[in-house]
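First the structure, in the form of structure tokens, and then the observations on it.
There are 2 protein chains.
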Amino acid sequence: MARNLTVAAAQMGPVAKDEPKAAVVDRLVALLREAAGRGSELVVFPELALTTFFPRWFLDDDEMLRYFETEMPGPETKRLFDEAKRLGVGFSLGFAELHTDDDGVTHRYNTQVLVERDGTEVARFRKVHIPGHEGNEEWRPFQHAERHYFEPGPDGFGVWWAFGGLVGMAICNDRRWPETYRVMGLQGVELILIGYNTPLFYAPDPQQDALAGFHNDLVMASGAYQNGTFVVGVAKGGIEEGVESLAQSAIYAPSGQVVARCVTTGDEVAVATIDLDFTRFYKETLFDFDRYRMPEHYRLITERRGAEPPAE
Amino acid sequence: MARNLTVAAAQMGPVAKDEPKAAVVDRLVALLREAAGRGSELVVFPELALTTFFPRWFLDDDEMLRYFETEMPGPETKRLFDEAKRLGVGFSLGFAELHTDDDGVTHRYNTQVLVERDGTEVARFRKVHIPGHEGNEEWRPFQHAERHYFEPGPDGFGVWWAFGGLVGMAICNDRRWPETYRVMGLQGVELILIGYNTPLFYAPDPQQDALAGFHNDLVMASGAYQNGTFVVGVAKGGIEEGVESLAQSAIYAPSGQVVARCVTTGDEVAVATIDLDFTRFYKETLFDFDRYRMPEHYRLITERRGAEPPAE
């Protein structure tokens with residue numbers, strides 16, 4: 010019955026602003042080899058893995074474009090694709106995507122790609138929930154201007170047959186919204202791959218800072234449990250350009266339990282062999298959606314964007 | 010700015026099958042007085058607080074009706090309402106409700122009532138997610154035949170102005186579904202009151218049993234955090250008619266932190282003074298729904314009841 014898959018959370022430490030992309034790809038290749046050497050079939054890298062987390066600055070268009078990829082694989086990243094194919098290892102990688110659509114319109118997305126063991130791209134996910142702010146907010150010690158850089162992904166949360174199961178993706182802030190997991194759960198997802206960059210200092214409410222690790226586990230463990238799916242959450246952590254970010258990368262079972270965890274804040278691989286059939290213990294009992302869900306009472310979730318209190 | 014409210018989780022230990030209702034009401038009154046003596050303004054009792062958890066047996070219609078209330082307050086429960094009014098304390102109480110509608114049709118609901126400090130009923134919530142099974146499943150050591158006894162509440166998840174804020178309710182299995190919290194979150198809920206009876210032995214998958222306390226915290230803490238609301242979860246725990254149920258009643262802040270906890274498995278009161286304005290730290294920052302939610306990508310949540318994997 011077992012549908013075993015060996016998965017790696019390939020956490021990264023900081024990427025400096027002036028770190029050459031070739032050096033970053035060297036690190037990715039090293040993590041890939043380490044994971045492959047430990048039997049991994051699928052290696053998950055963080056959000057915006059190729060560069061520093063540039064939304065901490067408010068840059069003009071010329072400056073920002075150096076952080077975006079116009080093709081994937083591109084000249085620098087082809088080496089990662091080639092090495093993965095050579096090793097027979099699949100991977101998922103986050104990057105800033107400059108995409109020109111069929112009408113010649115250019116879009117900037119916060120993107121994560123899923124690549125099969127033969128080197129072919131299975132799917133491309135574009136972050137749906139863009140956090141932070143649009144303008145330059147000078148009162149902050151550093152910016153979180155993701156809404157300046159990225160438009161929301163237009164395709165929502167897909168699920169794809171790959172790696173012997175049903176795989177979905179989400180990026181960073183997406184993981185805080187239960188709808189993210191549920192939309193994939195309603196497509197039968199068994200494994201969700203999530204990259205993140207999470208500054209420990211949250212300027213709008215610093216009393217949340219000490220809870221960053223707790224909240225990180227809370228949302229991914231509950232998303233896993235409530236949808237009977239594995240979740241792999243992978244950080245770019247450590248102190249990058251003076252800003253400290255959460256590490257704590259982990260692999261969560263459908264029970265909500267952590268089955269593997271990174272313990273440093275740097276480049277580190279955490280590996281787990283997971284049985285995708287274990288998802289059934291939740292999908293076919295307590296969370297048998299077809300038997301127990303009550304969508305007729307969920308309508309506000311799609312009818313309403315903001316909260317509207319009843320009349321007093 | 011503080012909108013302080015002192016809330017009590019009034020946990021109950023077992024209620025035996027042959028325990029007279031008057032004796033149960035004695036216990037409720039004792040808990041109410043204990044909570045009032047510690048400054049509580051709102052006391053939350055468990056699901057089906059007046060009787061043993063009868064869905065563990067498969068009873069015929071005549072037998073089951075002794076567990077249902079045809080009026081609230083009724084002859085035995087009036088004493089609780091009177092004492093609460095005398096003390097100036099509000100409360101929320103779970104009970105099995107036999108309701109005859111305007112067309113003369115009789116309905117059986119798993120119900121929780123919210124009563125203000127002046128003794129008036131503010132709201133009545135009827136459990137939406139009915140777990141367990143419809144028939145008598147003889148392979149089980151005990152039944153969980155809630156679907157034999159109760160129809161789902163027809164009114165969904167409302168939110169009411171009461172106790173100086175916006176209050177909602179849910180019952181037991183409702184707490185495991187993120188939609189429960191979200192539908193109330195979209196009405197601005199600040200305090201959700203949840204009674205439960207949760208057997209520690211889960212016949213369809215006993216490997217979940219040791220995780221019962223973890224899952225209980227996971228779903229209520231994430232529901233609180235992701236909606237910026239306080240949650241009060243109150244058990245009927247301990248070993249009742251040979252079946253052990255989870256206790257672990259707790260009050261959760263919008264941070265997901267536990268601010269008060271029962272530590273026994275018997276009749277016990279846990280009290281916390283909560284500031285309903287603390288909800289703003291989450292509702293107006295990270296979880297500013299109107300700014301950040303993306304309902305156009307949530308449509309499957311209401312369009313679909315069961316999971317439908319994509320074509321292979």
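Here the protein sequences line up with chains F and Z, keeping their order. The first sequence runs 10 to 321 under the numbering used here. The second sequence runs 10 to 321 under the numbering used here. Every residue, glycine too, gets a C-beta built ideally from N, C-alpha and C.
Check                                                                                                                                                                                       : Outcome
Given Val98 of chain Z, which residues of its chain have a CB within under 8 Å of its CB, disregarding the five upstream and five downstream residues?                                      : Leu41, Ala44, Ala45, Ser49, Glu50, Leu51, Val52 and Arg126
Name the two residues that bound the continuous beta strand (DSSP E) containing Leu57 of chain Z.                                                                                           : Neither: Leu57 of chain Z is in no beta strand (DSSP E) and is coded neither H nor E.
Helix, strand or coil: which one does DSSP assign to Glu293 of chain Z?                                                                                                                     : coil
Excluding five sequence neighbours on each side, which residues of the same chain lie with their C-beta closer than 6 Å to the C-beta of Asn13 of chain Z?                                  : Thr282 and Asp284
With the cut-off set at 9 Å, would you say Tyr291 of chain F and Tyr234 of chain F are in Cβ contact?                                                                                       : yes
State the CB to CB distance for the pair His157 of chain F and Phe67 of chain F, rounded to an integer number of angstroms; the pair is presumed to be in contact (CB under 8 Å).           : 6 Å
Thinking just about the alpha-carbon of each residue, which of F:Gln266, F:Val280, F:Ser258 and F:Ala262 is nearest to the one in Val272 of chain F?                                        : F:Ser258
Do we get a CB-CB distance below 9 Å when we pair Leu202 of chain F with the residues of chain Z?                                                                                           : no
Quick one: what's Lys94 of chain Z bridged to in DSSP?                                                                                                                                      : Paired residues: none, contrary to the question.
With respect to the alpha helix (DSSP H) encompassing Ala262 of chain Z, which residues constitute its N-terminal and C-terminal limits?                                                    : Segment: none, Ala262 of chain Z is in no alpha helix (DSSP H) and carries neither H nor E.
Phe62 of chain F and Asn206 of chain F - do their beta-carbons sit closer together than 9 Å?                                                                                                : yes
Quick one: residues in its chain with C-beta nearer than 6 Å to the C-beta of Gln217 of chain Z, no 5 flanking neighbours on either side, listed in chain order?                            : Tyr211
Say whether the segment 182–196 of chain Z touches the segment 157–172 of chain Z, bearing in mind that this needs 3 or more beta-carbon pairs closer than 8 Å, one atom from each stretch. : yes
Which ranges would you report for the beta strand (DSSP E) in the segment 182–206 of chain Z if only whole runs of at least 3 residues count?                                               : 200–205
Could you give the distance in angstroms between the alpha-carbon of Gly173 of chain F and the alpha-carbon of Val124 of chain Z?                                                           : 53 Å
Please name the residue in Z:Ile310, Z:Ala219, Z:Arg117 and Z:Gly177 whose C-alpha comes closest to that of Pro64 of chain Z.                                                               : Z:Arg117
Tell me, please, whether the CB atom of Trp186 of chain Z is closer than 9 Å to any CB atom in chain F?                                                                                     : yes
Buried or exposed for Thr109 of chain Z, going by 16 or more other Cβ atoms inside 10 Å?                                                                                                    : exposed
Would you give the residue range spanned by the alpha helix (DSSP H) that Met2 of chain F belongs to?                                                                                       : In this structure chain F extends from 10 to 321, so residue 2 of chain F is not present and cannot be described.
Tell me the rounded alpha-carbon separation between His138 of chain F and Met303 of chain Z.                                                                                                : 7 Å
In the structure shown, what three-state DSSP assignment does Phe67 of chain Z receive?                                                                                                     : coil
Run down chain Z in chain order and give the residues with a C-beta less than 9 Å from the C-beta of Leu175 of chain F.                                                                     : Pro318 and Pro319
Sorted by chain position, which residues of the same chain lie with C-beta nearer than 6 Å to Glu253 of chain Z's C-beta, five sequence neighbours on each side aside?                      : Leu209
Taking Cβ-Cβ distances shorter than 9 Å, what residues in chain F pair up with Met73 of chain Z?                                                                                            : Near Met73 of chain Z there are no residues of chain F at all, since even the closest Cβ is about 22 Å away, more than 9 Å.
Report back the beta-carbon spacing between Leu255 of chain F and Ala244 of chain F to the nearest angstrom; my notes put them in contact at under 8 Å.                                     : 6 Å
Can Trp66 of chain Z be considered in contact with the ligand ADP, in the sense that its beta carbon sits closer than 8 Å to one or more heavy atoms?                                       : Ligands in the displayed structure: none, and consequently the ligand ADP is not present.
Taking just the CA atoms, how far does Tyr301 of chain F sit from Arg149 of chain Z?                                                                                                        : 20 Å
From Glu321 of chain F to Leu175 of chain Z, what does the alpha carbon distance come to, in whole angstroms?                                                                               : 10 Å
Leaving aside the five residues before and after Leu102 of chain F along the sequence, list all residues of the same chain whose C-beta is less than 6 Å from its C-beta, in chain order.   : Phe54, Ala58 and Val122
Can you tell me the Cβ-Cβ gap for Ile201 of chain Z and Ala179 of chain Z, rounded? I've got them flagged as a contact below 8 Å.                                                           : 6 Å
Would you report the Cα separation of Thr129 of chain Z and Gly83 of chain Z, rounded to the nearest angstrom?                                                                              : 14 Å
From the beta carbon of Met303 of chain Z, is the nearest beta carbon of chain F less than 9 Å away?                                                                                        : yes
Under DSSP, the alpha helix (DSSP H) around Val34 of chain F begins and ends at which residues?                                                                                             : Lys30 to Gly46
Nearest by alpha-carbon distance to Ala25 of chain F: which of F:Gly246, F:Thr288 and F:Gly242 is it?                                                                                       : F:Gly246
By DSSP, does Asn119 of chain Z sit in helix, in strand, or in coil?                                                                                                                        : strand
Do the CB positions of Pro187 of chain Z and Ser231 of chain F come within less than 9 Å of each other?                                                                                     : yes
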